[in-house]
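Below is one structure, written out as structure tokens, with a few remarks after it.
Numbering (the UniProt record's numbering), first residue to last: 1 to 103.
Now the structure itself:
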């Protein structure tokens, strides 16, 4: 048996975290807020936080022909630097597939 967690949590439901393959499957109703899909992983032995930026959805129509940029910064921090991701696919539902390591 594994070591018990200090944090109580309900059973994890993997079905809640599956990303659909096609943008038409993950489109949101009109008027919905912008959505950002990302994954976090902490590597304790290296003291690193790995942030994977995957997709965005429901950006304003004005973004249709423009390249989408996302800036990442951990707060609070004395380090004012940020990391930047450029969308691999233009439009209102851009894909990123970028990974950043914070230490």
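For glycine and all other residues, C-beta sits at the position ideal for the given N, C-alpha and C.
Query	Result
Would you identify the three-state DSSP class for residue 61, choosing helix, strand or coil?	helix
Helix or strand or just coil, what does DSSP make of residue 78?	coil
Can you tell which of 101, 100, 96, 75 has the C-alpha that lies nearest to the C-alpha of residue 36?	96
Check whether chain C comes within 9 Å of residue 14, counting only Cβ atoms and requiring the distance to be less than that.	Looking for chain C here will not work: only one protein chain is present.
Does the distance from the CB of residue 40 to the CB of residue 85 come in under 9 Å?	no
For residue 32, which residues from the same chain have a beta carbon less than 6 Å from its beta carbon, with the 5 sequence-adjacent residues on both sides left out?	58
When you compare only the Cα positions, how much space is there between residue 44 and residue 98?	21 Å
Does the Cβ of residue 56 have 16 or more other Cβ atoms within 10 Å, making it buried, or fewer, making it exposed?	buried
So residue 104 is in the beta strand (DSSP E); what residue range does that whole segment cover?	Because residue 104 is not part of the residues shown, which for the chain are 1 to 103, the question remains open.
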